[in-house]
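Take a look at the structure below.
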Ligand code: T5A
Ligand code: NA
């Protein structure tokens, strides 16, 4: 049996440059004759994705539990096609995944409280248990002032300084847990120029994209 494709997730705060880096990586893989495709979450094109999109633009209100489950359902919609592509030897670059799902929901606080969580961390993690696990998650870490200076910042619901600070804290915890469960979690300084960020990313994935012998793991499958 041939090798399977690599599942590469790019995560990070808002405006950390995820989409820019994901697109550059895709071009580089295609130039190197690696079969690869780019997907992104939320996938705003599906029926569920349209509800998520409307919520993010503040055009609709949803209970916080509901929006969390919709983000996860949006990933489950694509789970079997991700598995199939990887099996066929295609590498997948994924712009945001389940880690964003936990980070943005678990960092919400109860109205009127300074730090009391609105949603339990373990509850936030649970709907994504069993999704295809990435072979590497690359976390683009951007500082607040750099992110705010970038195009489009502040247009969507979560693009506020206090939200982003709490999200970043949850990302740190998620990274530790993902590493603890045997996953690869790479934090990259995303304040740097696009080319410099890409160099670090390429270095981390260049062996993985040659294909992987081992099975695809399941996310948070700690038993
Ligand atoms: N969310 C998401 C959840 O709450 N739960 C979930 O489960 C998931 C999956 C939308 C929101 O949804 C939340 C998280 C988000 O708040 P999105 O659709 O991924 O998620 O958001 P986008 O708006 O597409 O992406 P971002 O706003 O986060 O931006 P990116 O992709 O990080 O940044 P990018 O590449 O688009 O760049 C932004 C700007 O900066 C420039 C670019 O040219 C662009 O103008 N730029 C740089 N400038 C200087 N130096 C660099 N290194 C640069 N890199 C990019
Ligand atoms: Na993006």
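Residue numbers (this note's numbering): 461 to 683.
Note that beta-carbon positions come from the ideal geometry of N, C-alpha and C, so glycine has one too.
If you follow the alpha helix (DSSP H) that residue 680 is part of, which residue opens it and which one closes it?
Against the chain shown, residue 680 aligns to sequence position 220. Segment: none, residue 680 is in no alpha helix (DSSP H) and carries neither H nor E.
With a cut-off of 8 Å, do at least 3 Cβ pairs link the region 530-537 to the region 580-595?
yes
In or out: residue 528 buried (at least 16 other Cβ within 10 Å) or exposed?
As a working note, residue 528 is residue 68 in the chain shown. With 16 or more Cβ atoms within 10 Å of its Cβ, residue 528 is classed as buried.
From the DSSP output, in three-state form, read off residue 594 for me.
In the chain shown, the residue the question calls residue 594 occupies position 134. In this structure, residue 594 counts as coil in the three-state DSSP scheme.
Is the beta carbon of residue 587 within less than 6 Å of some heavy atom of the ligand T5A?
Taking the first residue of the chain shown as 1, we reach residue 587 at position 127. Not under cutoff, so the answer is no.
How long is the line joining the alpha carbons of residue 625 and residue 475, rounded to whole angstroms?
For the purposes of this step, residue 625 is identified with residue 165 of the chain shown, where counting begins at 1. For the purposes of this step, residue 475 is identified with residue 15 of the chain shown, where counting begins at 1. Whole-angstrom Cα-Cα distance: 13 Å.
What's the call for residue 536, buried or exposed, on a 16-neighbour Cβ count within 10 Å?
The count along the chain shown starts at 1 and reaches residue 536 at position 76. With fewer than 16 Cβ atoms within 10 Å of its Cβ, residue 536 is classed as exposed.
Say yes only if the C-beta of residue 611 is nearer than 6 Å to one or more non-hydrogen atoms of the ligand T5A, and no if none qualify.
Looking up residue 611 in the chain shown gives position 151. For the ligand T5A, at least one heavy atom lies less than 6 Å from the Cβ of residue 611.
Do residue 645 and residue 582 count as a contact pair if the criterion is CB distance below 7 Å?
Taking the chain shown and counting its residues from 1, the one referred to as residue 582 is at position 122. Taking the chain shown and counting its residues from 1, the one referred to as residue 645 is at position 185. No, these two residues do not count as a Cβ contact at 7 Å.
If we require 3 or more residues per run, which beta strand (DSSP E) segments fall completely within the region 491-519?
496-500
Return yes when the C-beta of residue 561 is under 6 Å from any heavy atom of the ligand T5A, and no when it is not.
If you number the chain shown from 1, residue 561 lands on position 101. At least one heavy atom of the ligand T5A is nearer than 6 Å to the Cβ of residue 561, so yes.
heavy atom of the ligand T5A below 6 Å from residue 577 C-beta:
Mapped onto the chain shown, residue 577 falls at position 117. Because no heavy atom of the ligand T5A lies under 6 Å away, the Cβ of residue 577 does not count as near it: no.
List the endpoints of the continuous alpha helix (DSSP H) containing residue 530.
Within the chain shown, the letter at position 70 stands for residue 530. Start and end: 524-547.
Whole angstroms are fine: how far does the CA of residue 632 sit from the CA of residue 547?
By 1-based counting over the chain shown, the position of residue 547 is 87. By 1-based counting over the chain shown, the position of residue 632 is 172. C-alpha separation (whole angstroms): 31 Å.
Less than 7 Å separating the beta-carbons of residue 664 and residue 555?
By 1-based counting over the chain shown, the position of residue 664 is 204. By 1-based counting over the chain shown, the position of residue 555 is 95. Result no, Cβ atoms of residue 664 and residue 555 do not sit closer than 7 Å.
Option nearest residue 660 by Cα separation, candidates 465, 467, 485, 462:
In the chain shown, the residue the question calls residue 660 occupies position 200. Among 465, 467, 485, 462, the Cα nearest to that of residue 660 is on 485.
Hey, which unbroken runs of the alpha helix (DSSP H) at 4 residues or more fall wholly within the region 569-616?
581-585, 604-608
Reduced DSSP secondary structure (H/G/I, E/B, other) of residue 555
Looking up residue 555 in the chain shown gives position 95. It is a strand residue.
Meets three-Cβ-pair contact criterion under 8 Å: the region 463-478 and the region 593-611
yes
Here's a check: name, in chain order, each residue in its chain whose Cβ is nearer than 7 Å to the Cβ of residue 649, leaving out the five neighbours to either side.
Walking along the chain shown from the start, residue 649 turns up at place 189. Only 601 meet the Cβ criterion.
Whose C-beta lies closer than 7 Å to the C-beta of residue 522 among residues of the same chain, with five residues either side of it excluded?
Position 62 of the chain shown, counted from the start, is the residue given in the question as residue 522. Correct list, in chain order: 515.
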